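In the UniProt record's numbering, the protein residues as written are 1 to 411.
One structure is given below, encoded as structure tokens.
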Amino acid sequence: MRHQSAEPHPFGASPTTSEIVRVWHDDRSVGDGSARLYLRWIRLFRGYCEQRGLTERAQLTRDGARRFFGWYARRHSVSPDSASIAGTALYSLNRVYYVLGRDPPPWRVQLIAVRPAIALLRAYADYLVAHRGSPAVTVHKRLTHLGYFLQHLRTYDRTWRSMTLADVDAFLVDCSRRYARTTTADIAGSIRSFSRFLFATGRSSRNLADSVFAPVQPRYERPRRALPWEDVQRLLAAVDQSNPRGLRDYAMLLMMATYGFGAGELIRLRLDDINWTSSTLQVMRPKTGAVFTLPLLPVVARALVRYLRGGRPPHTTTRYLFVQSKLPFAPLTGSSAVWHVIAKHAATAGLTAPYLGSHVLRYSHAARQIDLGADPRIISEILGHRNPDSLSAYVRIATETLRDVSLPVPS
């Protein structure tokens, strides 16, 4: 939603200082100290535009900000972080233009996603989608792993046509020195997938997939991935909800704990997925693409209302539910953003669990439901697992249930 000015402004008219400050205040994006600093850079930028006969609105792009700062830095002594501050100030001004309906240029040129440049990789990507039903995130991961492997082969003057099992083993040994066992195993899975593709499409007469081995981490060696439910409650209670970021973080953590969402499901939620009339929530599973409906529980609805009214920037352009707490208020991307939220409040709560990854509340939710007597198969279906073997992870971490079914020790 954009501001409607009391008096009409000419197209692209420069916002006044009071208009700039008002938008920043409404967005809850710029504190008083930062506002003074940003306004100084905006005054310098306006002087630069006037001196050089430039139109302010047209120069409000990332490249325009770089040209301005380069011009200024050649004439004045600047601190190392000045370029970043000046850029943020001008980005904030670009946003003010947008909120006031004065149509600024795009801050940066949007790059169009391109398919892999190499024909073989394009064919492999198509194979993953058509024959394996792989979602975009999996295709990207496989291609990334394959890029590492092909670079390794080039180092030794080899190609995929001449690769041998010894080449694969040497690469995985090198990976094992740099990555965790789970990551190395994931890379090995990508190489197996690529080998099957080469064989299935007639590009290779050998299928190395069944001969590619990777390190195995026994389940009993893995850290417990679920938090005791008391710790989940401590985590939620540790969130300071007196500020916009706290309102966002609390809503995120509560939804993960209540519904067992993983990071991928949480960051893909959109405003349109909430049906306030029917009190339902529509969710898409990132791995399968399946869409299903959940009840919007009252405690979650209240947390979302508080976030939408007092935590989410009112003028952000995205329809994604959860956005960054600072400019440019873009959608959260990747599981790392969720991990940072969990880690921050876990530290405040004094939690010292061996595993605090972005899926810890998903595991905790599953273990809690099983401890309360839910059928693990139903839980697995609700959580969107394609492989029934995923049940074992939840049975393994539901320690209360395991105690109930344990056999007596013979005397």
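Just so you know, even glycine gets a beta-carbon here, dropped at the ideal spot from N, CA and C.
Keep in mind it's a predicted model, so treat the numbers as computed, not measured.
Check whether D27 and P313 have beta carbons under 8 Å apart: Counted from its first residue, the sequence shown places residue 27 at position 27. Counted from its first residue, the sequence shown places residue 313 at position 313. Cβ distance < 8 Å, so D27 and P313 count as in contact.
So what does DSSP say about T16, is it helix, strand or coil? The residue you call residue 16 lines up with position 16 of the sequence shown. Coil at T16, not helix or strand.
Would a C-beta distance cut-off of 8 Å place R95 and L327 closer than the cut-off? The sequence position of residue 95 within the sequence shown is 95, counting from 1. The sequence position of residue 327 within the sequence shown is 327, counting from 1. Yes. Within cutoff.
Boundaries (first-last residue) of the beta strand (DSSP E) holding L294: Against the sequence shown, residue 294 aligns to sequence position 294. It spans V291 to P295 - the beta strand (DSSP E) in which L294 sits, taken as one unbroken run.
Nearest by alpha-carbon distance to T258: which of P106, L236, F171 and L351 is it? By 1-based counting over the sequence shown, the position of residue 258 is 258. Considering only alpha carbons, the answer is L236.
Of all the options L44, G262, D273 and R302, which has the alpha carbon lying nearest to the alpha carbon of T333? Residue mapping note: residue 333 aligns to position 333 of the sequence shown, counting from 1. Nearest option by C-alpha distance: G262.
Name the two residues that bound the continuous alpha helix (DSSP H) containing L93. Translated into the one-based positions of the sequence shown, residue 93 becomes position 93. Unbroken alpha helix (DSSP H) run through L93: S82 to V99.
Tell me which residues share the same chain as L165 and place their Cβ nearer than 6 Å to its Cβ, disregarding the 5 neighbours each side in the sequence. The sequence position of residue 165 within the sequence shown is 165, counting from 1. Closer than 6 Å at Cβ, skipping near neighbours: L208 and S211.
Kindly confirm or deny that the stretch 265-285 and the stretch 341-351 touch, where touching means at least three C-beta pairs closer than 8 Å. no
Using a Cβ distance threshold of 8 Å, determine whether the stretch 291-301 contacts the stretch 65-75, with at least three qualifying pairs required. no
Using the C-alpha atoms, what's the distance from R377 back to Y355? Translated into positions along the sequence shown, residue 355 becomes position 355. Translated into positions along the sequence shown, residue 377 becomes position 377. So the alpha carbons of these two residues sit roughly 24 Å apart.
Evaluate the contact criterion for the stretch 124-136 versus the stretch 193-205: three or more CB pairs, one atom per stretch, below 8 Å. yes
Roughly how many angstroms separate the alpha carbons of D103 and S14, rounded to a whole number? As a working note, residue 103 is residue 103 in the sequence shown. As a working note, residue 14 is residue 14 in the sequence shown. Going by the C-alpha atoms only, they are around 11 Å apart.
In this structure, how does DSSP classify Q369 when only helix, strand and coil are distinguished? Here residue 369 corresponds to residue number 369 of the sequence shown, with the count starting at 1. Residue state, collapsed to three classes: helix.
Distance between T183 and P215 (C-alpha atoms, nearest Å): For the purposes of this step, residue 215 is taken as residue 215 along the sequence shown, with counting starting at 1. For the purposes of this step, residue 183 is taken as residue 183 along the sequence shown, with counting starting at 1. Distance between the alpha carbons of P215 and T183 is about 10 Å.
Need the endpoints of the alpha helix (DSSP H) that T333 sits in, please. As a first step, residue 333 is located in the sequence shown; it is residue number 333 there, counting from the start. Taken as a continuous stretch (DSSP letters only), T333 belongs to no alpha helix (DSSP H), as it is neither H nor E.
CB-CB length for W24 against A89, believed under 8 Å: Position 24 of the sequence shown, counting from 1, holds the residue named residue 24. Position 89 of the sequence shown, counting from 1, holds the residue named residue 89. W24 to A89, Cβ: 11 Å. No contact.
When the Cα atoms are used, what is the spatial distance from R192 to R158? Translated into positions along the sequence shown, residue 192 becomes position 192. Translated into positions along the sequence shown, residue 158 becomes position 158. So the two alpha carbons sit approximately 18 Å from each other.
With a cut-off of 8 Å, do at least 3 Cβ pairs link the stretch 51-58 to the stretch 118-128? no
With respect to the beta strand (DSSP E) encompassing L281, which residues constitute its N-terminal and C-terminal limits? As a working mapping, residue 281 is identified with position 281 in the sequence shown. It spans T280 to M284 - the beta strand (DSSP E) in which L281 sits, taken as one unbroken run.
Which listed residue (E19, A83, R142 and H145) has its alpha carbon closest to that of G101: Looking up residue 101 in the sequence shown gives position 101. Nearest C-alpha to G101: E19.
Taking all protein chains shown into account, do 16 or more other C-beta atoms lie within 10 angstroms of the C-beta of T16, making it buried, or fewer, making it exposed? As a working note, residue 16 is residue 16 in the sequence shown. Exposed: under 16 other Cβ atoms inside 10 Å.
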